[in-house]
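Report on one structure; see the data block that follows.
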Amino acid sequence: HGSLSDRIMNRYGDTPLGMVESAMEFLRIGESHGFKQMILSMKSSNPKVMIEAYRLLVEHMNRAGMTYPLHLGVTEAGDGEDGRIKSAIGIGSLLYDGLGDTIRVSLTEDSVYEIPVAQALVQKAMTLWQPAFPETRSPFARFTSEPTDAIDPFHFNRRATQSIALSPSALVGPEQPPRVIVRVQSPDDLPVVAAQLASARLADTPAEGLLVPIATASELKDIATHLPTLPSPTPFLVIELPTSLQAAAVAAASENIKTPTVFLRTFGADDVEALLAFVEFTRKSGHTLAIATTASDLAAFAPALPALGDDRLLFTVSNPDAALAGAHPHPTGAYRALVEQLRIAGSRAPLWIRNTHATTVHGDPSFLSRLLDAAILTGSLVCDGLGDLVSIETEPDATRATKLAYNVLQGAGARISKTEFVACPSCGRTLFDLQTTTQRIRAQTGHLKGVKLAIMGCIVNGPGEMADADFGYVGGAPGKINLYVGKNCVQYNIPQSEADARLIALIKEHGKWIDPKPELTA
23 HGSLSDRIMN
33 RYGDTPLGMV
43 ESAMEFLRIG
53 ESHGFKQMIL
63 SMKSSNPKVM
73 IEAYRLLVEH
83 MNRAGMTYPL
93 HLGVTEAGDG
103 EDGRIKSAIG
113 IGSLLYDGLG
123 DTIRVSLTED
133 SVYEIPVAQA
143 LVQKAMTLWQ
153 PAFPETRSPF
163 ARFTSEPTDA
173 IDPFHFNRRA
183 TQSIALSPSA
193 LVGPEQPPRV
203 IVRVQSPDDL
213 PVVAAQLASA
223 RLADTPAEGL
233 LVPIATASEL
243 KDIATHLPTL
253 PSPTPFLVIE
263 LPTSLQAAAV
273 AAASENIKTP
283 TVFLRTFGAD
293 DVEALLAFVE
303 FTRKSGHTLA
313 IATTASDLAA
323 FAPALPALGD
333 DRLLFTVSNP
343 DAALAGAHPH
353 PTGAYRALVE
363 QLRIAGSRAP
373 LWIRNTHATT
383 VHGDPSFLSR
393 LLDAAILTGS
403 LVCDGLGDLV
413 SIETEPDATR
423 ATKLAYNVLQ
433 GAGARISKTE
443 FVACPSCGRT
453 LFDLQTTTQR
463 IRAQTGHLKG
473 VKLAIMGCIV
483 NGPGEMADAD
493 FGYVGGAPGK
503 INLYVGKNCV
513 QYNIPQSEAD
523 ARLIALIKEH
533 GKWIDPKPEL
543 TA
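For the sequence shown, the working numbering begins at 23 and goes up steadily by one.
In structure tokens:
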């Protein structure tokens, strides 16, 4: 989104609105000459910017009576897991909103690896589109009135929520980054998983909460016996309760759990008395209650919410059937509807985004499918300012689930835990091997938390499409590299053999360098 004319830049800045005004200008020029064979691409390397730009473009076209098709893509998404996540957040979020006619997944890899990702995104979108209106066999909505939704789709605003301390190091609230929770399969696995995460040494990406499901009161007592054996610092505990356990039984079985704990339970429209009992229990014991419900069920017991307050409550979407994959017809919509109902009820309780088997769309056993589902659901909501806690419960490996959650939050710009790379996918103008160069530079600079590096193959589109990168490594001529600080070229025609060292020296010169932590041995 950096390749805008000086006139547009001076008036609108390097913004989604600037992109839209530039596109609308070209549409009007084309139409003035009777030409309408146009398709629009608002690509950006920043998924949040890209999502806002496409939505704003559609709104402007609607006002102008235009219906041109859209080509979706996150440009310079990079490679590996990060490139797939950023592509899924941008492309997938818009497809789930019903926008998009063609797509391109742009990876700094051989083009053949882009196709499976693109196909998987399209299959997930079509799974949602096809059953939207089965009675008319049409995926298109025909609203008789404007849908009610307080979320501004064109400007990012973080939802204002109540601040809650779930542990001394895990505060939840509008000024805090989304917190990461990891699922443990059973109470017996709790010590093993806690030790695994501790040994993984995820200093910058810790599992801040551990979610443990229980089926009986005796299992709840077992958890209390495990707590003293857990490594320090211990993540806060989330205990998922069955609806068969009443508040009194939970209170009795958890009396030996002295550390603040989150109790997660599903509440339906007829569970007001149970809800009041659990709120009383958690308040008296110093714990927090996570309420799993739906927008329609919440509306039924919403009158009771103001009296409960928000200081010890969390909300999440309940699973219709935990064993049934794809049980939510539109997972993102279910969370948006819940947030809207919370607004109507006057609740500022934090929101927990849970990626479960019920939120999968056209799922399969592959890691790619789990990654895409998590990136779309979590990324789209976070880009709209929703979500205070995140868990990816579809990934069975705890360490991988933790890293995936942080990578999704980084891709959405919600929580930075490592260097951000903007890297183009290569083309005929590329002046060096982008794949090996990107991997080599990442190996040397990937620990620079909060730094954004652009690696661009040429000077044609590179400087413009680096967007808001802090530093740029751009092919200037065969065997020569230009180095940038922001959008300004500061070193020209450096021999490629010297460019890596010169880039690091430039980062140090601007006070952005830190030495990597030494590798720890077991």
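Every residue, glycine too, gets a C-beta built ideally from N, C-alpha and C.
By the C-beta density criterion, Asn429 is buried, having at least 16 other C-beta atoms within 10 angstroms.
In terms of CA proximity to Ala147, Gly112 leads the group Arg181, Asp174, Gly112 and Thr130. With contacts defined as CB atoms closer than 9 angstroms, Arg365 and Ala172 qualify as a contacting pair.
Within the same chain, and ignoring the five residues on either side of Ala45 in sequence, the residues whose Cβ sits closer than 8 angstroms to its Cβ are Leu62, Met64 and Leu79. Annotation: Gly102 is outside any beta strand (DSSP E); the continuous alpha helix (DSSP H) that includes it extends over Gly102 to Ser109. Across the structure, Ser240 and Pro264 are spaced so that their CA atoms are roughly 13 angstroms apart. Taking 9 angstroms as the cut-off, the beta carbon of Thr381 is found no closer than this to the beta carbon of Ala397. One Cα belongs to Thr227, the other to Asp244, and the distance between them is close to 28 angstroms. Here His248 carries a helix assignment [DSSP, helix/strand/coil]. Note that the stretch 205-220 touches the stretch 249-269; at least 3 beta-carbon pairs, one per stretch, sit closer than 8 angstroms.
Cβ-Cβ distances below 6 angstroms link Ala291 to Asp319 and Ala322 in the same chain, with the five nearest sequence neighbours on each side left out; the list follows chain order. By the neighbour-count criterion, in which 16 or more other beta carbons inside 10 Å mark a residue as buried, Phe48 falls on the exposed side. CA-CA distance, Thr467 to Pro485, rounds to 20 angstroms.
A direct Cα-Cα distance of roughly 7 angstroms separates Leu193 from Ser185. The stretch 246-253 makes no contact with the stretch 328-343: fewer than 3 CB pairs, one atom from each, lie closer than 8 angstroms. Boundaries of the beta strand (DSSP E) around His93: Leu92 to Leu94. Note on the stretch 224-282: whole alpha helix (DSSP H) runs with a minimum of 4 residues are 239-248 and 269-275, in chain order. The stretch 480-505 contains, as complete beta strand (DSSP E) runs of 3+ residues, the segments 493-499 (chain order). DSSP places Ala359 in the helix class (H, G or I) of the three-state scheme. Straight-line measurement puts the Cα of Glu131 at about 26 angstroms from the Cα of Asp419. In this structure, the straight-line span from the alpha carbon of Met478 to that of Gly120 is close to 32 angstroms.
Under the DSSP assignment, Pro196 falls outside any alpha helix (DSSP H); it carries neither an H nor an E label. When DSSP reads this structure, Trp535 sits in no beta bridge, so it has no partner.
Bridge partners of Thr315 according to DSSP: Val339.
Relative to Leu360, the option among Thr316, Asp174 and Glu531 whose CA is nearest is Thr316. Partner residues in a beta bridge of Gln432, as assigned by DSSP, do not exist. Per DSSP, reduced to three states, the secondary structure at Phe389 is helical. A residue is called buried when at least 16 other Cβ atoms come within 10 angstroms of its Cβ; Thr281 does not meet this threshold and is exposed. At least 9 angstroms separates the beta-carbon of Arg464 from that of Phe493.
As the crow flies, the alpha-carbon of Leu252 is around 46 angstroms from that of Val507. Collapsing the DSSP output to three states places Leu373 in a strand. Taking the C-beta atoms as reference points, Lys108 is found nearer than 9 angstroms to Ser67.
Residue burial is scored here from C-beta neighbours: Ala86 has fewer than 16 other C-beta atoms within 10 angstroms and is therefore classed as exposed.
If you compare the alpha carbons of Gly501, Thr421, Ala217 and Ala491 with that of Phe454, the shortest gap goes to Gly501. In the three-state reduction of the DSSP assignment, Leu26 falls in the coil class. Beta-bridge analysis with DSSP links Lys474 to Glu442.
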